[in-house]
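Asks: To convert, note that position 97 of the sequence shown is 97 in UniProt numbering; the numbers rise steadily by one, no gaps.
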Amino acid sequence: MSVLRQFLLVAFALFQASNALYFHIAETERKCFIEEIPEETMVIGNYKVQLFDPNTKQYGEFPSIGMHVEVKDPEEKVILSKLYTSEGRFTFTSHTPGEHLICLYSNSTAWFGGNQLRVHLDINVGEHAQDYEKVAARDKLNELQLRVRQLLDQVEQITKEQNYQRYREERFRQTSESTNSRVLWWAVAQIAILVVTGFWQMRHLKGFFEAKKLV
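1. Are the Cβ atoms of Pro-97 and Pro-38 separated by less than 8 angstroms?
2. Can you look up Ser-2 in the DSSP assignment and give me helix, strand or coil?
3. Which value, in whole angstroms, describes the spacing of the CA atoms of Trp-186 and Leu-51?
4. Cα-Cα, which of Ala-189, Arg-182, Val-69 and Gly-207 is closest to Ile-123?
5. Among Ile-191, Glu-87 and His-100, which has the Cα closest to the Cα of Leu-80?
6. In this structure, how does DSSP classify Asp-122 when only helix, strand and coil are distinguished?
7. Using DSSP's beta-bridge definition, name the partner residues of Lys-48.
8. Do Val-125 and Val-49 count as a contact pair if the criterion is CB distance below 8 angstroms?
9. Within the continuous beta strand (DSSP E) that includes Phe-33, where are the two ends?
10. Under the rule that 16 or more other beta-carbon atoms within 10 Å means buried, what is Ser-86, buried or exposed?
11. How many Å lie between Asn-180 and Leu-117 at the Cα?
12. What's the C-alpha gap between Gly-207 and Arg-182?
13. For Ile-25 and Lys-77, what's the separation of their Cα atoms in angstroms?
14. Please name the residue or residues paired with Tyr-59 in a DSSP beta bridge.
15. Below 7 angstroms CB to CB, which residues in the same chain sit around Phe-33 once its five sequence neighbours on both sides are set aside?
16. Give me the DSSP bridge partner(s) of Glu-99.
17. Roughly how far, in whole angstroms, is the beta-carbon of Thr-41 from the beta-carbon of Thr-93, given that I think they are within contact range, below 8 angstroms?
18. How far does the beta strand (DSSP E) with Glu-70 in it extend, from its first residue to its last?
19. Using 8 angstroms as the threshold, is the C-beta distance between Gly-45 and Phe-90 below it?
Now the structure itself:
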């Protein structure tokens with residue numbers, strides 16, 4: 001593998017590692033995101049929900065509003081479906097590489113359904129989902145040991161990303177081969193139709209000329 005490709009894979013892994021954003025939704029609206037995740041990779045999402053107050057024209061805390069989180073794997077199997085509080089975190093581990101669908105929506109009813117929500121969301125993937133301060137305290141690691149653990153986790157995550165890229169390349173190759181095969185057979189079918197049509201027209205014209213005694 002070339003140095004450039006290794007650099008791009010590492011950059012891809014780092015870029016995908018953490019996505020922090022916020023968005024606005026109605027209380028009864030559903031918002032979904034697609035995350036491309038390698039297999040056997042931990043994902044942690046931290047979120048906070050704020051409700052718009054028409055009186056103050058600001059977003060504030062509203063503890064009674066919960067957030068429902070649903071995650072589907074590339075095979076559309078639900079791997080997480082749970083109602084959380086207005087602020088917290090959700091976590092899951094991917095078992096199939098590919099695009100995972102992460103959907104969030106509030107538990108609001110029509111009673112509050114006309115207001116708008118601001119949802120802060122930070123998704124961390126792979127070794128970036130690890131809290132290394134807790135790891136150091138739990139496993140009683142010194143600074144050097146903790147750094148080695150971090151480096152090992154980074155290498156493992158990069159390996160997973162490389163495997164996922166190979167998986168995507170293989171799927172793309174299979175799709176390309178399937179498409180090329182279909183195009184080839186369609187071209188053969190078109191040629192066969194043209195040959196049969198031409199033969200039929202020649203027979204028809206020959207019969208016509210014979211009937212008119214022109215041949």
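Cβ coordinates follow ideal geometry from the N, Cα and C atoms, glycine included.
Replies: Well, looking at it:
1. In this structure, Pro-97 lies near Pro-38, with their beta-carbon atoms less than 8 angstroms apart.
2. Residue confidence is low: Ser-2 scores 46 on pLDDT, short of 50, so the model does not pin down where it sits. No coordinate-derived value is stated.
3. 56 angstroms
4. Val-69
5. For the residues Ile-191, Glu-87 and His-100, the minimum Cα distance to Leu-80 belongs to His-100.
6. strand
7. Glu-87 and His-120
8. no
9. Unbroken beta strand (DSSP E) run through Phe-33: 30-37.
10. buried
11. 48 angstroms
12. 37 angstroms
13. 25 angstroms
14. Phe-52
15. Ile-102
16. Answer by DSSP bridge pairing, in chain order: Glu-36.
17. The beta-carbon separation of Thr-41 and Thr-93, rounded to 7 angstroms, stays under the 8 angstroms limit for a contact.
18. 67-72
19. yes
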